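Below you'll find the structure, written out as structure tokens, and then a few comments.
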Amino acid sequence: MAASPRPNDPETAIREAVAALEPRLLEIRRDIHAHPELAFEEVRTSGIVAAELARMGIAHRTGIGRTGVVGVIEGGRPGPTLAIRADMDALPIHEMTGLPFASTVDGKMHACGHDIHTTTLLGAAEVLKDMAPQLAGRVVLVFQPAEEALGGAAEMVKDGVLDGVDMALGFHNHPDMPAGQFGYCRGSTLAAADRFDLVIQGKSGHAAHPDKAVDPIVAASAFIAQAQTVISRELDPLMPGVVTIGMIHGGTAPNIIPETVELRGTVRTLHHAARDVAEAGLKRLAAGLEAMHRVQCTLSYRRGVPPLVNADSVLDPAIASVRRQFGDVVVEGRPSMGAEDFAEFAERVPAFQLRIGSGAPGRHDHLHNDRYQPDERCIGLGAQALTRIALDMLA
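Here you go:
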């Protein structure tokens, strides 16, 4: 017969501590879920976070990155600083779940699970506060605004959230994995998200006399077709990229050649080198339209968040900790062309984003869906994982 775990066994201590907190954590999550706030509007949510940290006796600052909150847990011995980040903002989606704690705000919903993330980090914070004497170093608790706008992390970095931080841990719920399962991806895991606007100036005229006009629609069509060759013929085939033109506007009538056409699109790449190639290629294509189609082109290209690259130096010990806490429940996953502004942290310090299963039995949910219902068990399980990772990395 196997021996019973010792009372001071980390696995048991963390599991029991989180279990005691779970009823309160569910209350907090449901309260936040019912009162969603969009990017940089998270005043109420930040207030809840600050009040909880104050109740725990955790030193904290508000107004970081405009509406963010940062808490600090000092360990009992000197050591490195680990930042753990959770995002707080909701999406402009009208909720259709019918849950008793569904959004009370029309057109706003926590459809990406950031209410889950905020609550999970609060749970880990309370357990880590009690375990602080065992830590060699300190934990910085980062409650970030405006992830959905891909701007909150950069604002917090400007306000010094990473000053003195040696490594960072992020996490995200994954409904494609059942609650109780965890995941990871090595290297480039989420894409850079860049945007471009192209205005093509031609010369308007009658559809019956195209020789007296300069047709920007024909030029726009050429650009749309040629843009895909940047991916298929210029990028390394082992470096994925996606060019999507999601908006095109031009013309007012079927028998008039318009003066201008406007295009708007996005570029997503997993590697810095591919990002450079894609930007240069689209700029070159736009310039070439002027010679080929006699138009004038103005291309505005704006780089957004960089690709999120997981560092093995954080990933490996983090995954080892999860396995120590839960056993063989970790799976390796594939990269995604989605974007995440935790990448701003990973650009500056070694970082890793943990995937936490949130799929509920019998459901097949997706993020950013008006009926998204994650399994709330992922809150306590996530809090255990974050706590164990911090405890082991700061041992």
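Going by numbering that gives the first Met the number 0, the letters in the sequence shown line up with residues 0 to 394, in that order.
All C-beta atoms, glycine included, are put in the ideal place defined by N, C-alpha and C.
All figures in this text were calculated on a predicted structure; none of them were measured in a lab.
Specify, as a first and last residue, the run of the beta strand (DSSP E) that serine 45 falls within. Position 46 of the sequence shown, counted from the start, is the residue given in the question as residue 45. Taken as a continuous stretch (DSSP letters only), serine 45 belongs to no beta strand (DSSP E), being part of the alpha helix (DSSP H) at 42-55.
Is the CB-CB distance between valine 48 and threonine 96 below 9 Å? As a working note, residue 48 is residue 49 in the sequence shown. As a working note, residue 96 is residue 97 in the sequence shown. Not a contact, by the Cβ cut-off of 9 Å.
From which residue to which residue does the beta strand (DSSP E) around threonine 297 run? Mapped onto the sequence shown, residue 297 falls at position 298. 295-301 is the span of the beta strand (DSSP E), which, as asked, contains threonine 297.
To the nearest angstrom, report how far apart aspartate 175 and methionine 166 are at their CA atoms. Here residue 175 refers to the residue found at position 176 of the sequence shown. Here residue 166 refers to the residue found at position 167 of the sequence shown. Using only the alpha carbons, I get a separation of about 27 Å.
Alpha-carbon spacing of glycine 250 relative to glutamate 258, whole angstroms: Here residue 250 corresponds to residue number 251 of the sequence shown, with the count starting at 1. Here residue 258 corresponds to residue number 259 of the sequence shown, with the count starting at 1. Approximately 8 Å, taken between the alpha carbons.
Going by the DSSP bridge assignment, what does proline 177 pair with across the sheet? On the sequence shown, residue 177 is found 178 positions in, with the first residue counted as 1. Bridge partners of proline 177: Gly358.
Counting Cβ pairs, one atom from each stretch, are 3 or more of them under 8 Å apart for the stretch 198-217 and the stretch 311-323? no
Could you tell me if aspartate 235 is buried or exposed, where buried requires 16 or more neighbouring beta carbons within 10 angstroms of its beta carbon? One-based indexing of the sequence shown puts residue 235 at position 236. So aspartate 235 ends up on the exposed side.
Who pairs with lysine 157 in a beta bridge, going by DSSP? Position 158 of the sequence shown, counting from 1, holds the residue named residue 157. Lysine 157 is not bridged to any residue.
Excluding the 5 residues flanking glycine 106 on each side, which residues of the same chain have their C-beta closer than 8 Å to its C-beta? In the sequence shown, the residue the question calls residue 106 occupies position 107. Hits under 8 Å: Pro91, Ile92 and His93.
Within 9 Å, strictly: CB atoms of alanine 310 and alanine 342: Position 311 of the sequence shown holds residue 310. Position 343 of the sequence shown holds residue 342. Result no, Cβ atoms of alanine 310 and alanine 342 do not sit closer than 9 Å.
Please state whether the Cβ-Cβ distance between alanine 382 and alanine 12 is less than 9 Å. Translated into the one-based positions of the sequence shown, residue 382 becomes position 383. Translated into the one-based positions of the sequence shown, residue 12 becomes position 13. Taking 9 Å as the Cβ cut-off, alanine 382 and alanine 12 do not qualify as a contacting pair.
Under 8 Å by Cβ, that's how I've got leucine 168 and leucine 140 pegged, so tell me the actual separation to the nearest angstrom. Locating residue 168 in the sequence shown gives position 169, where the first residue counts as 1. Locating residue 140 in the sequence shown gives position 141, where the first residue counts as 1. With 8 Å as the limit, leucine 168 and leucine 140 do not qualify as a contact, their Cβ atoms being about 11 Å apart.
Report, in whole angstroms, the separation of the C-beta atoms of leucine 380 and glycine 179, which I expect to be a contact under 8 Å. Looking up residue 380 in the sequence shown gives position 381. Looking up residue 179 in the sequence shown gives position 180. The pair is a contact, with the Cβ atoms about 6 Å apart (cut-off 8 Å).
Which residue's Cα is closest to the Cα of leucine 37: Ala145, His208 and Arg354? On the sequence shown, residue 37 is found 38 positions in, with the first residue counted as 1. The shortest C-alpha separation from leucine 37 is found at Ala145.
Spatial neighbours of threonine 103 within its chain, please: C-beta separation below 8 Å, excluding the five flanking residues on both sides. The residue given as residue 103 occupies position 104 in the sequence shown. So the qualifying residues of the chain are Ala33 and His34.
Mind the definition here: the stretch 124-137 touches the stretch 63-74 only if three or more C-beta pairs lie below 8 Å; say whether that holds. yes
Does arginine 387 pass the burial test, meaning 16 or more other C-beta atoms within 10 Å, or should it be called exposed? Position 388 of the sequence shown, counting from 1, holds the residue named residue 387. Its Cβ being crowded by 16 or more others within 10 Å, arginine 387 is buried.
Helix, strand or coil for isoleucine 199 per DSSP? Locating residue 199 in the sequence shown gives position 200, where the first residue counts as 1. Looking at isoleucine 199 - three-state DSSP - the assignment turns out to be strand.
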